[in-house]
Every structure is written in C-alpha cells, then in structure tokens.
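Add 421 to a position in the sequence shown, counting from 1, and you land on the number used in this note's numbering.
Note that beta-carbon positions come from the ideal geometry of N, C-alpha and C, so glycine has one too.
Each remark here refers to the structure printed beneath this line.
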Amino acid sequence: MHIRFFFVSVLGFSAVAAADLAPNELGKIPILTYHKISDEDTEYTRSRASFAKDLVELQRHGFYPVTLAELRSGRITTPKGKIPLLLTFDDSSESQFKYEADGSLTEGCGMEIMERFQKQNPDFPLRGVFFVLPKAQYPNNFFGQPDKIGAKLKYLTGKGFEIGSHTLWHANLKKYRNKIEEQLGLGTYEIQKYLKGYAVYAFALPYGIFPPKADEPRLRAGKFKGKSYKHDMIFDYSNAPSYSVYDAKFDTYRIKRLHGNEATLKKLFKRATKEKHIFFVSDGNPETVTVKKTDADRVRLKPGLKLVTY
Ligand SMILES: [Zn+2]
C-alpha cells in the first residue's frame, strides 16, 4: 500500500513537471537589478545572506543566467526547459567587488558570494552586466579601489560578465538634459580606457528616469569632444519582467528590469511556482525560436533564426 502510494505520487509529479517544461520562447524574461550588497535588506541594498539565498532560489526555480550578448543576438544558449535570467548590478560600489591587499576577493562582496556559489553549483554559470559609474564618489567610483579598476574590469569580462554604462556619476538625465552627450560620451570613454575597443552598447538610466521624449535619440548615439557612444540596449527600472526579445512588443530602447529586493523576489519565485507559463522557457536550441502556434503572429524573428511552432 505504501509503495503503491509512492508510485502514484511520482507519476503525478513527473507529469506536471513535463508540462511545465514545454518551450515558450515568447514568455517573459526576468532582468534583476541589484545595487549594494551589504548588511541589511533595504530598497537599494541586498544583504549578503539574502543575496546568497537568492542565488540558491533562482537556481531551484529553474532560472539560468544568460548574457546580454545572447539577448541582443537572439541566439540564446539557455538549456532546454530553463528560464533565461539576466542579472544586472548598478552603481559599481565597492560592495559588489572588493579586493584584499593580498589580491584575494573580500569575503562577502558580491563577486565573492557569486564565485562561492558557482564553485558549488558548476551548472549555474557566472553571468551578468555591471552598469558602472566611473566618476562617482567613493564607494561608487568604479568599485571603490582606484588602483584596481583595470584589474577588476579585466577579471569581470574574462569570467563572462559584461560592462554597461550608467552615466559618469549617476546624473538624472531629465535634470541634466544639457549634459547627456558629456555623461554618455565620457562614460563609454572611461570604460574603454581600461578595456580597449570594448563595445559599450548597453546603458541603464540612473533612477530609471528618462529625459523628455524628444531627447531620447540622444541616449542612443552621440559625441562629446570627439568621444562617441552608441547604445542599442537601454534599460529602465520599472519593476516589471522584460518581454521576450522575440516579442514584437520588445522595445530595445526601454528594456524593463525588476528590483532585486525582497518583495519582488518573493513575487518572482511565487510566479515561477504557480504561473510558470508566463516565463520564457528555452527550447535548448540557439538557432530556433519555439512558440505555440497561436502565438506565432506575435513573433519578431532576429536575423538567421528559424521559427518552430507547436
Ligand atoms: Zn543607479
């Protein structure tokens, strides 16, 4: 009797799990935004313990870190049945990435927590975008240790992380409309000082505040004293999951991001348990876009990709 009950449970569970894992590449993609990693959980700070716990829960709920480059090209390598997740880190504070005098990572900084988790979970890759502030005040001045900026940027890009612009010193571009080209031209220039030829194509608006509509083209490309910039992925802070990059509604100049705080994460995990159908679930093939037949007319294919419907 006992054994029989056990079998019924197992079969019931696997049937549900299989249904959950059907590819749905028009579903939503969560893009999480973290700021400071420190002692407590507040609006712009995630405690070290909570950040470590988030990684565990993200993996447990089927999320899988993706690169921005994959979202940009549409060639998403997320394994079949997993939900691509983009981690982003704003404001380049020392709490995200700190070195000790002996060259080791400081215990409890964001990078150290991620590396420790990854060592124990090799199937959860280290990926994410750092939106940096090269000329902010300490501790947000390019990760707080001026003599280690180059080493940190090379370490990050070498590991598979990516770097984006967040202006020079967190300028509210609605207020500083007259400084848009200066903030963005020099922002890119300061990153490329350390990473020669690095394509800074991603930009996150400080506070998520856009300048007036007429100024928006100035966020995408421009030049200040011979220093040019070109952004083709612009991120907001609207606290909503992003549309799929294959969805006709996806706007590359207003990509939605979620807040990396307790309330939003709780909601995200609840939805990943109870409403998994709303998320992008990968088909495991970077060359194909798999969607339900009824969704096919909503697809905007990227060049070179093939549509598969079911
Ligand atoms: Zn910021």
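Open item on the list: Do I458 and G549 have their beta-carbon atoms positioned less than 9 Å apart in this structure?
Closed with: The count along the sequence shown starts at 1 and reaches residue 549 at position 128. The count along the sequence shown starts at 1 and reaches residue 458 at position 37. Their beta carbons are not under 9 Å apart, which means G549 does not touch I458 by this criterion.
- Going by CA-CA distance only, name the one from Q558, K714, F563 and Y619 that's closest to G579. Against the sequence shown, residue 579 aligns to sequence position 158. The option with the nearest alpha carbon to G579 is Y619.
Are the Cβ atoms of H680 and T466 separated by less than 9 Å? Numbered from its first residue, the sequence shown carries residue 680 at position 259. Numbered from its first residue, the sequence shown carries residue 466 at position 45. No, they are not a contact pair.
* In the DSSP assignment, what are the bridge partners of L689? -> Looking up residue 689 in the sequence shown gives position 268. Answer is none; L689 lacks a bridge partner.
Checklist line | Alpha-carbon to alpha-carbon, L728 and D704 | finding: For the purposes of this step, residue 704 is taken as the residue at position 283 of the sequence shown. For the purposes of this step, residue 728 is taken as the residue at position 307 of the sequence shown. Rounded to whole angstroms, D704 to L728 spans 11 Å at the Cα level.
Q.
Residues in the same chain with beta-carbon distance under 6 Å from G483, minus the five sequence neighbours each way, listed in chain order, please.
A. In the sequence shown, counting from the first residue as 1, residue 483 sits at position 62. Cβ within range, chain order: K503 and I504.
Exercise. Ends of the alpha helix (DSSP H) at A490?
Worked result: Numbered from its first residue, the sequence shown carries residue 490 at position 69. L489 to S494 is the extent of the alpha helix (DSSP H) around A490.
message: If contacts are defined as beta-carbon pairs under 8 Å, then I655 and R675 qualify, I think. What distance do you get, rounded to the angstrom?
response: Here residue 655 is taken as the residue at index 234 of the sequence shown, counted from 1. Here residue 675 is taken as the residue at index 254 of the sequence shown, counted from 1. Yes, they are in contact, since the Cβ atoms of I655 and R675 sit about 7 Å apart, within 8 Å.
Which residues have their C-beta within less than 6 Å of a heavy atom of ligand 1, listed in chain order?
Every residue passing the under-6 Å Cβ criterion appears here: D511, D512, H587, H591 and P627.
Q) Taking just the CA atoms, how far does F645 sit from V477? A) Translated into the one-based positions of the sequence shown, residue 477 becomes position 56. Translated into the one-based positions of the sequence shown, residue 645 becomes position 224. Distance between the alpha carbons of V477 and F645: 43 Å.
### Task
On the DSSP bridge assignment, give the partners of D668 in chain order.
Counted from its first residue, the sequence shown places residue 668 at position 247. Beta-bridge pairing links D668 to V720.
**Message:** In whole angstroms, give me the CA-to-CA distance for K723 and T709.
**Reply:** Translated into positions along the sequence shown, residue 723 becomes position 302. Translated into positions along the sequence shown, residue 709 becomes position 288. Cα to Cα, the separation comes out at about 10 Å.
Worksheet item: Identify the residues that DSSP records as bridge partners of H680: which are they?
Response: In the sequence shown, the residue the question calls residue 680 occupies position 259. Answer is T454.
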